[in-house]
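Inspection log for the structure reproduced underneath, given as structure tokens.
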Amino acid sequence: MDPTLVGQGLLSGFLFGGVYSLMAVGLTLIFGVMRVVNFAHGDMMVWGMYLAWLLASRAGIDPYVGFVVCAAALFLLGIVVQRGLVERIVDAPHEMQILLMLGVALVLENAALVAFGPDPTRVRSPLSQSTVWLGPIFVDLARLLTFGVAMALTAALWLFLARTDLGRTMRAAADNPYGARVIGADVRKVYAAAFGVGAACVGAAGALVSPILPFQPTSGLGLSVTSFNIVIIGGMGSLPGAFAGGILVSVAESMGAVFFSPSLKELVSFGLLIAILLFRPAGLFGKTAA
Amino acid sequence: MKLAALLAVGVLVALPWIVSSYALTVLIFIFFYAYLGQAWNIVGGYAGQLSVGHAAFVGVGGYAAALLSMHAGLTPWIGMWIGGALAALLGAFIGYLGFRFGLRGFYFVLLTVAFAEICRVVALNVDAVGGALGLYITFTGNPRQFQFQDNRVYYYVALALMLGATALVWALERHRLGSYLTAIRQDEGACEALGVDTFRCKMLAMVLSSFLTGVGGTFYAFYLFSLQPNAVFGIPLSVEIIIRPIVGGAGTVLGPILGSFILSPLAEISRTYFAQGGWNGAHLIVYGLLLIAVVLFLPQGAYPALLRLARRRAA
Numbered sequence: 000m001d002p003t004l005v006g007q008g009l010l011s012g013f014l015f016g017g018v019y020s021l022m023a024v025g026l027t028l029i030f031g032v033m034r035v036v037n038f039a040h041g042d043m044m045v046w047g048m049y050l051a052w053l054l055a056s057r058a059g060i061d062p063y064v065g066f067v068v069c070a071a072a073l074f075l076l077g078i079v080v081q082r083g084l085v086e087r088i089v090d091a092p093h094e095m096q097i098l099l100m101l102g103v104a105l106v107l108e109n110a111a112l113v114a115f116g117p118d119p120t121r122v123r124s125p126l127s128q129s130t131v132w133l134g135p136i137f138v139d140l141a142r143l144l145t146f147g148v149a150m151a152l153t154a155a156l157w158l159f160l161a162r163t164d165l166g167r168t169m170r171a172a173a174d175n176p177y178g179a180r181v182i183g184a185d186v187r188k189v190y191a192a193a194f195g196v197g198a199a200c201v202g203a204a205g206a207l208v209s210p211i212l213p214f215q216p217t218s219g220l221g222l223s224v225t226s227f228n229i230v231i232i233g234g235m236g237s238l239p240g241a242f243a244g245g246i247l248v249s250v251a252e253s254m255g256a257v258f259f260s261p262s263l264k265e266l267v268s269f270g271l272l273i274a275i276l277l278f279r280p281a282g283l284f285g286k287t288a289a
Numbered sequence: 000m001k002l003a004a005l006l007a008v009g010v011l012v013a014l015p016w017i018v019s020s021y022a023l024t025v026l027i028f029i030f031f032y033a034y035l036g037q038a039w040n041i042v043g044g045y046a047g048q049l050s051v052g053h054a055a056f057v058g059v060g061g062y063a064a065a066l067l068s069m070h071a072g073l074t075p076w077i078g079m080w081i082g083g084a085l086a087a088l089l090g091a092f093i094g095y096l097g098f099r100f101g102l103r104g105f106y107f108v109l110l111t112v113a114f115a116e117i118c119r120v121v122a123l124n125v126d127a128v129g130g131a132l133g134l135y136i137t138f139t140g141n142p143r144q145f146q147f148q149d150n151r152v153y154y155y156v157a158l159a160l161m162l163g164a165t166a167l168v169w170a171l172e173r174h175r176l177g178s179y180l181t182a183i184r185q186d187e188g189a190c191e192a193l194g195v196d197t198f199r200c201k202m203l204a205m206v207l208s209s210f211l212t213g214v215g216g217t218f219y220a221f222y223l224f225s226l227q228p229n230a231v232f233g234i235p236l237s238v239e240i241i242i243r244p245i246v247g248g249a250g251t252v253l254g255p256i257l258g259s260f261i262l263s264p265l266a267e268i269s270r271t272y273f274a275q276g277g278w279n280g281a282h283l284i285v286y287g288l289l290l291i292a293v294v295l296f297l298p299q300g301a302y303p304a305l306l307r308l309a310r311r312r313a314a
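Structure, rendered in structure tokens:
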């Protein structure tokens, strides 16, 4: 095996991991605070991609600027879904929540199909044309920028959760929802904010990845499944777990593409998932068993 | 009640001689999806273990029967049982992984989704089973090859599948295992405390359910003449399978049939209606909205609601 090829795969997998981390952090935030799994996560991401595509093709806004708008739009969508639907069934059995979110996913995916058609598209950014050479390995400038912005957003989220009152309340509610209610936290507001912020993360991730990854309305399901894999591997509800899991899964997939075949890379992450479910169902960073 | 059931079966048996060939096709799909829904109902409805990967069993069963018929000349009438057995084996493996570690709710859903996706990726990449092109079955019209010139034969086969699975679930509900499964769905901890071997019960439900679904794969393959990895292992087929019993009433004998009679015509109408306008995904939007509405307003499904309504009328 050519070491340059392996190095290339490692680097591009690592850089792509930034997006995986951001989307998984969004999912695990929603789960951690509400114990609700956002089955529409990947479809929300696809809407982030299409919004970035609309902004780029209609208004000429580069996705590396437009991601702010996409995040804001998805924040609103997240709040609407939370207030309109999820709030009514927060205490219902898991099965009911999963079915509800499956319904939301179907609506979002097929609304995109009706609106944009089934063909794959990609957003053109002037930045995605240029590459930088590091010795024998080249770095796609777009990948580097996507990674940088994704990391910055994750860091900003971290600061928000650690330093602001709302962020602290969110973590408290995730830790002990009953206790949070006892000390007078507005749980309704916290839930809406958590769903909104989680959706904003995946919306931004979608916009940031749109110049690198071709997408179509049906991409959402695969992205949802990948996000689920990552948060289970990292540990459900664990933010550091989602962050590390995103990089890990991305590097593993890209190694799978190098050593086996690009079309088999999904099998590598499923293999990781099954290994985790077998030997450590709580995930790498999880504390309690499933 | 017995009289009503006999009457209903009598009408269904007589129907092919009355209705148009288009209506016949719609009815075949109603029965077939009711059958798959009934098979799912055992593990997803009664035992409450939400599998969103049942398409994998349709695919394994269908591929097995089709490959055996194409390469070994084995008649699908035997191949369907082998397909079912292979699907049951896969079901047992998934069940073992999931139940042994007490994976519940979301974890179990993801495990089933992951296995369906693994099957899909493998089928796409292994050329010996047709690869991305899938398998095409040439139409011979030979009954030995599970192929019939007359659509009415397919109708009766689909009807027999549906009625057979329903009779099985009806018997299961009266059997001890059925009560155990319902108890597991309601409170697994309490069930275990009372000494029920919940692992064994859930495994039995999973194996039975995946076996029946695998047998259905043969019907799928030899009625549609083609197996595409993305269609037959895809999540959309799993959604088609689970949505009918959920809308009709999961964990009830008649729920999957009622759900199929509600949803299949609705899907058919919206598909033809919206496809004319070039709106291809529109019928799935309808499905999504229905799922949301059922969860919010009718979480037990349509059948229990109808039953309540009928009782109130009678009282």
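Quick note, the sequences are listed as chains A and B, same order. With numbering that gives the first Met the number 0 as the guide, the letters of the first sequence map in order to residues 0 to 289. With numbering that gives the first Met the number 0 as the guide, the letters of the second sequence map in order to residues 0 to 314. Cβ coordinates follow ideal geometry from the N, Cα and C atoms, glycine included. Values in this document were obtained by computation on a predicted structure and should not be read as measured data.
Considering only C-alpha positions, which residue in the set the options is nearest to residue i?
{"i": "A/Phe227", "options": "A/Phe214, A/Pro213, A/Gly245 and A/Ser262", "result": "A/Gly245"}
{"i": "A/Phe194", "options": "A/Arg57, A/Trp46, A/Ala39 and A/Leu143", "result": "A/Ala39"}
{"i": "B/Glu239", "options": "B/Gly52, B/His70 and B/Gly9", "result": "B/Gly52"}
{"i": "B/Ala87", "options": "B/Ser225, B/Ser209, B/Leu297 and B/Tyr219", "result": "B/Ser209"}
{"i": "A/Ala198", "options": "A/Val5, A/Met43, A/Thr3 and A/Gly17", "result": "A/Met43"}
{"i": "A/Ile88", "options": "B/Tyr302, B/Leu297 and B/Arg307", "result": "B/Leu297"}
{"i": "B/Leu305", "options": "B/Trp16, B/Leu23, B/Thr139 and B/Gly258", "result": "B/Gly258"}
{"i": "A/Trp46", "options": "A/Gly59, A/Ile29, A/Val68 and A/Met33", "result": "A/Val68"}
{"i": "A/Asp90", "options": "B/Arg311, B/Ala309 and B/Leu295", "result": "B/Leu295"}
{"i": "B/Leu223", "options": "B/Gly47, B/Gly90 and B/Gly133", "result": "B/Gly133"}
{"i": "A/Thr153", "options": "A/Gly17, A/Ser124, A/Ala58 and A/Asp1", "result": "A/Gly17"}
Within 10 Å of its beta-carbon, does residue i have 16 or more other beta-carbons around it, so buried, or fewer, so exposed?
{"i": "B/Tyr272", "result": "exposed"}
{"i": "A/Thr163", "result": "exposed"}
{"i": "A/Tyr290", "result": "Residue 290 of chain A cannot be examined here, being either before or after the span of chain A that is shown, 0 to 289."}
{"i": "B/Gln148", "result": "exposed"}
{"i": "A/Gln81", "result": "buried"}
{"i": "B/Lys201", "result": "buried"}
{"i": "A/Asn175", "result": "exposed"}
{"i": "B/Ala313", "result": "exposed"}
{"i": "B/His70", "result": "exposed"}
{"i": "B/Arg119", "result": "buried"}
{"i": "B/Thr212", "result": "buried"}
{"i": "B/Ile17", "result": "exposed"}
{"i": "A/Thr130", "result": "exposed"}
{"i": "A/Ile229", "result": "buried"}
{"i": "B/Phe145", "result": "buried"}
{"i": "B/Ser317", "result": "Because chain B in this structure spans residues 0 to 314, residue 317 of chain B falls outside the shown range and cannot be described."}
{"i": "A/Gly282", "result": "buried"}
Distance, Cα to Cα, residue i vs residue j?
{"i": "B/Asn141", "j": "B/Tyr135", "result": "16 Å"}
{"i": "A/Val36", "j": "A/Phe242", "result": "17 Å"}
{"i": "B/Ala292", "j": "B/Val59", "result": "33 Å"}
{"i": "B/Gly247", "j": "B/Leu288", "result": "15 Å"}
{"i": "B/Ala65", "j": "B/Gln227", "result": "12 Å"}
{"i": "A/Leu143", "j": "A/Leu14", "result": "6 Å"}
{"i": "B/Asp196", "j": "B/Leu102", "result": "16 Å"}
{"i": "B/Gly300", "j": "B/Ala249", "result": "7 Å"}
{"i": "A/Met254", "j": "A/Gly6", "result": "10 Å"}
{"i": "A/Ile275", "j": "B/Pro15", "result": "52 Å"}
{"i": "B/Gly163", "j": "B/Ala220", "result": "20 Å"}
{"i": "B/Ser263", "j": "A/Pro62", "result": "42 Å"}
{"i": "A/Pro261", "j": "A/Leu4", "result": "13 Å"}
{"i": "A/Leu75", "j": "B/Ser237", "result": "30 Å"}
I'd like to know if residue i contacts chain C, where contact means its C-beta is closer than 8 Å to some C-beta of that chain.
{"i": "B/Ile234", "result": "Any reference to chain C falls outside this structure, whose protein chains are A and B."}
Runs of alpha helix (DSSP H) lying entirely within the region 3 to 66 of chain B, each at least 4 residues, in chain order: Annotation: the region 3 to 66 of chain B contains the following complete segments of the alpha helix (DSSP H) (minimum length 4 residues), in chain order: 20 to 39.
Contained alpha helix (DSSP H) runs [length at least 4] in the region 158 to 212 of chain B, N- to C-terminal order: 175 to 185 and 187 to 192, all fully within the region 158 to 212 of chain B.
Ranges of the alpha helix (DSSP H) found wholly within the region 61 to 145 of chain A, counting only runs of at least 4: Listed in chain order, they are 62 to 83 and 93 to 115.
3-residue-minimum beta strand (DSSP E) runs that sit fully inside the region 237 to 271 of chain B, ordered along the chain: Unbroken beta strand (DSSP E) stretches of 3 residues or longer found wholly inside the region 237 to 271 of chain B: none.
Inside the region 59 to 111 of chain B only - alpha helix (DSSP H) runs reaching at least 4 residues: Counting only runs of 4 or more, we get 75 to 99.
Positions along the region 116 to 128 of chain B whose CB lies within less than 8 Å of some CB in chain A: Across the region 116 to 128 of chain B, CB contacts with chain A closer than 8 Å involve Glu116, Ile117, Val120, Val121, Leu123 and Asn124, in sequence order along the chain.
Entirely enclosed alpha helix (DSSP H) segments - the region 221 to 266 of chain A, minimum 4 residues: Here the runs fully enclosed are 238 to 258.
Near-chain B residues of the region 14 to 40 of chain A (beta-carbon distance less than 7 Å), N- to C-terminal order: Result list: Val36.
Against chain B: residues of the region 72 to 97 of chain A by CB proximity under 9 Å: The region 72 to 97 of chain A vs chain B, Cβ under 9 Å: Leu84, Arg87, Ile88, Ala91, Pro92, His93, Glu94, Met95, Gln96 and Ile97.
Residues from the region 105 to 130 of chain A in contact with chain B, defined by Cβ distance under 9 Å: Here the close residues are Leu105, Val106, Leu107, Glu108, Asn109, Ala110, Ala111, Leu112, Val113, Gly116 and Pro117.
Contact residues within the region 98 to 109 of chain B, judged by C-beta distance below 8 Å to chain A: For the region 98 to 109 of chain B, the set of residues with a beta-carbon nearer than 8 Å to any beta-carbon of chain A comprises Phe100, Gly101, Leu102, Arg103, Gly104, Phe105, Tyr106, Val108 and Leu109, in chain order.
Residues, ordered as in the chain, of the region 57 to 72 of chain A that lie near chain B by beta-carbon distance below 9 Å: Flagged: no residues at all.
Against chain B: residues of the region 226 to 250 of chain A by CB proximity under 9 Å: Correct list: Phe227, Asn228, Ile231 and Met235.
Near-chain B residues of the region 259 to 274 of chain A (beta-carbon distance less than 8 Å), N- to C-terminal order: So the list reads Ser260, Ser262, Leu263, Glu265, Leu266, Phe269, Leu272 and Ile273, given in the order they occur along the chain.
Interfacial residues, the region 40 to 57 of chain B to chain A, with Cβ spacing under 8 Å: Flagged, chain order: Gly47, Leu49 and Val51.
Chain A contacts from the region 281 to 299 of chain B (Cβ-Cβ distance under 7 Å): Hits within the stretch, in order: Ala281, Leu283, Ile284, Tyr286, Gly287, Leu288, Leu290, Ile291, Val294, Leu295 and Pro298.
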